[in-house]
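Asker:
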Amino acid sequence: MELTIILGLISLIIIPIEANPRSRNSRCGKVNLTEKAEKYILRSAEGLRKLSFIGGDGTNESAPLQVAVGEILYEEGCKPNYTYDFKKCKGLYMWFMNCGIYAPLYMPANVTVLYQNEENHTLTFNISGAATGIWNPENMTKEEYNAGSTTGTSCNFTVEVTFTGMFNYLVERTRGDSPQEDTIGIGFLESRDIGLSRRSYNQLSYNISGIFKHEITCLKKKQLKKLVKRVKKIKKRKVP
C-alpha cells in the first residue's frame, strides 16, 4: 500500500509539530544529492554538460548508483494510542521528516503499523525528497478533524539510507589535470556537516530523522449531527 505524500488532508489542516530534540538543529533540512555532485564537479571544472548516476563513460568500470533503505527505528516507548472507541473516532498516522534527502532514485521505505489494535498494515512510500508521509485509513475529512476532539502521541524516528555506486560527468573545461569526463565513487560526496558520511570510496550514508505522530479525532453525537448538516449545505451550494 502506497502512502500519500503531502496530499489530501495534510495540506488542508494544521498539525502542531513539536521540536525534535535529537535532530541536527540548524543542520537539519533537505539534502540534495544531485546538487552536491554538481558542486563537487565544478570545484575544478566549468560548464557541466552531463551528470549521470546510472551509467559510466564507456571506458572506466563503474556501478550505477543504488540505494538501500534501512528499517525505521522509533525511540523507546513509542506506541500509538489504541484505547479509543473505534466506532466513534478516526485516526491519522503521520511521519514528518525534518532531516531528509533527495536523490534521483526511487527510495522505498516500508513502515508497519498496528491498525485498531487488531492487525498490522505494511505501508510503502518514496522518501526521496519527501517531507511528509500520511496514512488516513478512515478517510478523515478536514471538517471532522476541525470539529472533533483530538488527542495523540508522538515520538522521534530515524531511518538510515545507504548509497552505493558511482556517478559519471562531462564538463566543457577543466582546471589543472582534471579530466573532462570521469566516473567517481559516490563516497567522495561526503559532507559530515549536513549528515553525509563516507563508508568507502563508492558508499555514502545518511540518516533521515523526524517525528511520527498518531492522532485520534473523536466526535460526539451533537457534533456529528452538526457536521452532517454542514456538509449537506455545502453540497447544495455546489449544485448548479
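Residues -19 to -1, 1 to 221, numbered by mature numbering (1 follows the signal peptide of the UniProt record, and there is no 0), are exactly what the sequence shown covers, in order. Quick reminder that beta carbons are idealized off the backbone N, C-alpha and C, glycines included.
If you reduce the DSSP assignment to three classes, tell me which class residue 87 lands in.
Answerer: Residue mapping note: residue 87 aligns to position 106 of the sequence shown, counting from 1. Coil, per DSSP.
Asker: Verify whether the separation of the beta carbon atoms of residue 198 and residue 110 is less than 7 Å.
Answerer: One-based indexing of the sequence shown puts residue 198 at position 217. One-based indexing of the sequence shown puts residue 110 at position 129. Not in contact: residue 198 and residue 110 (Cβ atoms no closer than 7 Å).
Asker: Taking the Cβ atom as the reference point for each residue, do residue 187 and residue 200 lie within a distance shorter than 7 Å?
Answerer: Within the sequence shown, numbered from 1, the residue matching residue 187 stands at position 206. Within the sequence shown, numbered from 1, the residue matching residue 200 stands at position 219. No; because the gap between Cβ atoms is not below 7 Å, this pair is not in contact.
Asker: With a threshold of 16 other CB atoms inside 10 Å of the CB of residue 35, please say whether the residue is buried or exposed.
Answerer: One-based indexing of the sequence shown puts residue 35 at position 54. Classification for residue 35: exposed.
Asker: Judging by CA-CA distance, which residue of 84, 69, 117 is the nearest neighbour of residue 32?
Answerer: Position 51 of the sequence shown, counting from 1, holds the residue named residue 32. Of 84, 69, 117, the residue nearest in Cα terms is 84.
Asker: Could you tell me the boundaries of the beta strand (DSSP E) in which residue 192 lies?
Answerer: Taking the sequence shown and counting its residues from 1, one reaches residue 192 at position 211. From DSSP, the beta strand (DSSP E) with residue 192 extends over 184 to 199.
Asker: In angstroms with no decimal places, state the Cα-to-Cα distance between residue 23 and residue 163.
Answerer: Working through the sequence shown from its first residue, we reach residue 23 at position 42. Working through the sequence shown from its first residue, we reach residue 163 at position 182. Cα to Cα, residue 23 sits roughly 13 Å from residue 163.
Asker: Quick one: what's got a C-beta closer than 6 Å to residue 75's C-beta in the same chain, skipping five residues either side?
Answerer: Counting from one through the sequence shown, the residue named residue 75 turns up at place 94. Cβ within range, chain order: 115, 194.
Asker: Check whether the Cβ atoms of residue 80 and residue 190 lie closer than 7 Å to each other.
Answerer: Counted from its first residue, the sequence shown places residue 80 at position 99. Counted from its first residue, the sequence shown places residue 190 at position 209. Yes, these two residues count as a Cβ contact at 7 Å.
Asker: Apart from the five residues on each side of it in sequence, which residues of its chain come closer than 6 Å, Cβ to Cβ, to residue 166?
Answerer: Counting from one through the sequence shown, the residue named residue 166 turns up at place 185. 147, 182, 183.
Asker: Under the rule that 16 or more other beta-carbon atoms within 10 Å means buried, what is residue 28, buried or exposed?
Answerer: Taking the sequence shown and counting its residues from 1, one reaches residue 28 at position 47. The residue in question, residue 28, is exposed, as its Cβ has fewer than 16 Cβ neighbours within 10 Å.
Asker: In chain order, which alpha helix (DSSP H) runs of at least 4 residues are fully inside the region 111 to 181?
Answerer: 123 to 128
Asker: What do you reckon, are the CB atoms on residue 55 and residue 106 nearer than 7 Å?
Answerer: Against the sequence shown, residue 55 aligns to sequence position 74. Against the sequence shown, residue 106 aligns to sequence position 125. Going by C-beta atoms, residue 55 is not nearer than 7 Å to residue 106.
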